[in-house]
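Written out below as structure tokens is the structure these notes cover.
Number of protein chains: 2
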Amino acid sequence: MTLTAPDAPRPPEPRAPGRPRSSRADEAIIEATLDLLAEGSSIEALAIEAIAARAGVGKATIYRRWAGKDALLRDALARLKRPPADPDTGDVREDLLILARSIGKNKDPRAEKIMPCLVPEAMRSAEQYTTYQQIVEPRRAVTREILRRGIARGELRADLDVEVVLTALTGPILIQRMLRWNPRLDEERFPEQVVDLVMKAITA
Amino acid sequence: MTLTAPDAPRPPEPRAPGRPRSSRADEAIIEATLDLLAEGSSIEALAIEAIAARAGVGKATIYRRWAGKDALLRDALARLKRPPADPDTGDVREDLLILARSIGKNKDPRAEKIMPCLVPEAMRSAEQYTTYQQIVEPRRAVTREILRRGIARGELRADLDVEVVLTALTGPILIQRMLRWNPRLDEERFPEQVVDLVMKAITA
Numbered sequence: 001m002t003l004t005a006p007d008a009p010r011p012p013e014p015r016a017p018g019r020p021r022s023s024r025a026d027e028a029i030i031e032a033t034l035d036l037l038a039e040g041s042s043i044e045a046l047a048i049e050a051i052a053a054r055a056g057v058g059k060a061t062i063y064r065r066w067a068g069k070d071a072l073l074r075d076a077l078a079r080l081k082r083p084p085a086d087p088d089t090g091d092v093r094e095d096l097l098i099l100a101r102s103i104g105k106n107k108d109p110r111a112e113k114i115m116p117c118l119v120p121e122a123m124r125s126a127e128q129y130t131t132y133q134q135i136v137e138p139r140r141a142v143t144r145e146i147l148r149r150g151i152a153r154g155e156l157r158a159d160l161d162v163e164v165v166l167t168a169l170t171g172p173i174l175i176q177r178m179l180r181w182n183p184r185l186d187e188e189r190f191p192e193q194v195v196d197l198v199m200k201a202i203t204a
Numbered sequence: 001m002t003l004t005a006p007d008a009p010r011p012p013e014p015r016a017p018g019r020p021r022s023s024r025a026d027e028a029i030i031e032a033t034l035d036l037l038a039e040g041s042s043i044e045a046l047a048i049e050a051i052a053a054r055a056g057v058g059k060a061t062i063y064r065r066w067a068g069k070d071a072l073l074r075d076a077l078a079r080l081k082r083p084p085a086d087p088d089t090g091d092v093r094e095d096l097l098i099l100a101r102s103i104g105k106n107k108d109p110r111a112e113k114i115m116p117c118l119v120p121e122a123m124r125s126a127e128q129y130t131t132y133q134q135i136v137e138p139r140r141a142v143t144r145e146i147l148r149r150g151i152a153r154g155e156l157r158a159d160l161d162v163e164v165v166l167t168a169l170t171g172p173i174l175i176q177r178m179l180r181w182n183p184r185l186d187e188e189r190f191p192e193q194v195v196d197l198v199m200k201a202i203t204a
């Protein structure tokens, strides 16, 4: 792989960061990044050179589209962890339940391998913390919206602290799925049990 | 360091695993293990040879006292994370608050560096999962006891699921301290906010 390797045509205008890219090379680069991470590469060790080799493109192709590894990682991880749809069933408990059951479950099997590795890396560097936040924030936004609708409809107490409640809902389910933190829990029932516990505290 | 390096006298009887050891060599070995982990060694990479060199003992001294690396790690990590005292103030909220505020806070500064690294390792191997569980279980036992006393005194609902409640209390605080999971939270107030939210759901 060299800087002069053949390349897909460059899009006519520079694109805003995070905007979906559609060329075949972009797709191959994103897939190569996710494959290498899922095969056990740490984010730190992941090299643009290795991504280029796996994607069958030149390093220049990557640098033409992304400012650097962090920008590429953000797009790749955003692809992996699309934010969930807002269920908006009209019932807070039902909405929270759908969301709670989806925590830590992913359509793409590579996510199960990549996400736990991202967590310790997020603890070590500001860049990876930002990347991690950009992936989880859209999920938090959906939960926030569910709680706000519940308050607006009078289902939930008007004085509840939305940030505290969403973290209290998500934290236990995430830590239990990531770590099997408490081996005495029933994994299948736990998301519903947390939702019901929290609902007792926040129902108007 | 060789297998015939000079050595502290062996205790007259083999000791039960986990029982505190008191000789100066044992102390040095435990301290060396914690130092190396705090300096960034992964559990996987940690070698008995390196521990022996740092402690100034022979490898044989270590193998005479511990069956292997896992047993030594369990003792070293148990030393690092002593279970909290049961506050037993007579008031469930007060007890839970004392415990909640201590989550992720440690007297030994090495714990802040070692514990987050143990988490991803715990996810990868059954041995490290067992080690992690042996460290956290005594903490869970204290919370369990607080909740049971609360039920017995009639402060808490008799039908609450103690395992669900203790995980719902600990999970959010742990994930917030480990990862600053939700940047919109007030770190100082969060433990009390979680306790108050959960108390609303479990008070009789």
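The listed protein sequences derive, respectively, from chains X and V. Numbering follows full-length UniProt numbering, in which position 127 of the first sequence is assigned residue number 127; successive positions increment by one, without gaps. Numbering follows full-length UniProt numbering, in which position 24 of the second sequence is assigned residue number 24; successive positions increment by one, without gaps. Heads up, the beta-carbon is just placed ideally off N, CA and C, and yes, glycines get one too. Remember, it's a predicted structure, so these values are computed and weren't measured experimentally.
Buried or exposed: P172 (chain X), going by 16 or more other Cβ atoms within 10 Å of its Cβ?
Answer is buried; the Cβ neighbour count reaches 16.
According to DSSP, simplified to helix, strand and coil, what is L156 (chain V)?
Secondary structure at L156 (chain V): strand, using DSSP grouped into helix, strand and coil.
Suppose the cutoff is 6 Å on Cβ atoms and the five residues either side in sequence are ignored; what does the same chain contact list for R157 (chain X) look like?
Once the five neighbours on either side are set aside, the close Cβ partners of R157 (chain X) are I202, A204.
Sub-8 Å separation of L99 (chain X) and P83 (chain X) beta-carbons
No. Outside cutoff.
Please classify T131 (chain X): does DSSP put it in a helix, a strand, or coil?
Helix at T131 (chain X).
Under 8 Å, Cβ to Cβ, is there at least one residue of chain V near G171 (chain X)?
Output row for G171 (chain X): interface = yes.
Have a look at R93 (chain V) and I151 (chain V) and give me their C-alpha separation to the nearest angstrom.
So the alpha carbons of these two residues sit roughly 12 Å apart.
Straight-line gap, D95 (chain X) to D86 (chain X) (C-alpha atoms, nearest Å):
Roughly 8 Å separates the two Cα atoms.
Unbroken alpha helix (DSSP H) runs of length 4 or more, entirely within the segment 77 to 117 of chain V: which are they?
The segment 77 to 117 of chain V is shown to contain whole alpha helix (DSSP H) runs of 4 or more residues at 92 to 102, in chain order.
Along chain V, in chain order, which residues have C-beta atoms closer than 7 Å to that of Q134 (chain X)?
Near Q134 (chain X) there are no residues of chain V at all, since even the closest Cβ is about 12 Å away, more than 7 Å.
Note down, in chain order, all residues in the UniProt domain "HTH tetR-type" (23 to 84) of chain X with a beta-carbon under 7 Å from any beta-carbon belonging to chain V.
The UniProt domain "HTH tetR-type" (23 to 84) of chain X vs chain V, Cβ under 7 Å: nothing.
Shortest alpha-carbon distance to D161 (chain X) belongs to which of V:T143, V:R184, V:L166, V:L160?
Considering only alpha carbons, the answer is V:R184.
Buried or exposed, going by whether 16 or more other CB atoms sit within 10 Å of the CB of P138 (chain X)?
With fewer than 16 other Cβ atoms within 10 Å, it is exposed.
Given a limit of 8 Å on CB to CB distance, which residues of the segment 156 to 170 of chain X reach chain V?
Cβ contacts with chain V come from D161, E163, V164, V165, L166, T167, A168, T170.
In chain V, which residues lie less than 7 Å from P183 (chain X) when you measure between Cβ atoms?
For P183 (chain X), the neighbours in chain V by C-beta distance under 7 Å run, in chain order, Q133.
Compute the Euclidean distance between the alpha carbons of S41 (chain X) and I43 (chain V), then round it to the nearest angstrom.
Rounded to whole angstroms, S41 (chain X) and I43 (chain V) show a C-alpha spacing of 18 Å.
Is L197 (chain X) buried or exposed, if buried means 16 or more other CB atoms sit within 10 Å of its CB?
By the Cβ neighbour-count rule, L197 (chain X) is buried, with 16 or more other Cβ atoms within 10 Å of its own.
Is any beta-carbon of chain V found at less than 8 Å from that of R140 (chain X)?
Output row for R140 (chain X): interface = yes.
Where the segment 191 to 203 of chain V meets chain X: residues whose CB sits under 9 Å from a CB there:
For the segment 191 to 203 of chain V, the set of positions with a beta-carbon nearer than 9 Å to some beta-carbon of chain X reads Q193, V194, D196, L197, V198, M199, K200, A201, I202 in chain order.
What does a CB cutoff of less than 7 Å around V165 (chain V) pick up in its chain, not counting 5 residues either side in sequence?
Result list for V165 (chain V): L147, V198, I202, in chain order.
Cβ of L96 (chain X) less than 8 Å from any chain V Cβ?
Answer no: the Cβ-Cβ gap between L96 (chain X) and chain V never drops below 8 Å.
Can you confirm whether I146 (chain V), when its beta carbon is compared against all beta carbons of chain X, has any partner nearer than 8 Å?
No, I146 (chain V) lies away from the interface with chain X (no Cβ there is under 8 Å from its Cβ).
Selection from X:A67, X:A53, X:K59, X:V142 that minimises the alpha carbon distance to L36 (chain X)
Looking at the Cα atoms, X:A53 is the closest of the given residues.
Have a look at V:L118, V:G58, V:E112, V:A168 and flag the residue whose alpha-carbon is nearest the alpha-carbon of N182 (chain X).
Answer by Cα proximity: V:A168.
How many Å lie between D159 (chain V) and V195 (chain X) at the Cα?
The straight-line gap from Cα to Cα measures roughly 16 Å.
Expressed to the nearest angstrom, what Euclidean distance is found between the alpha-carbon atoms of R21 (chain X) and I51 (chain V)?
Low local confidence applies: a pLDDT of 48 at R21 (chain X) is under 50, so the model's placement there is unreliable, with the coordinate-based value given in what follows. Computed Cα separation, rounded: 50 Å.
Measuring only the C-alpha atoms, how far is P14 (chain X) from E127 (chain V)?
The pLDDT assigned to P14 (chain X) is 47, lower than 50, so where the model puts this residue is not dependable; a value taken from the coordinates is nonetheless given after this. Approximately 50 Å, taken between the alpha carbons.
Cross-chain neighbours of Q176 (chain X) in chain V, by beta carbon under 9 Å:
T167, G171, listed in chain order.
Per DSSP, the bridge partner or partners of T203 (chain X)
Within the DSSP bridge table, the entry for T203 (chain X) names X:L156 as partners.
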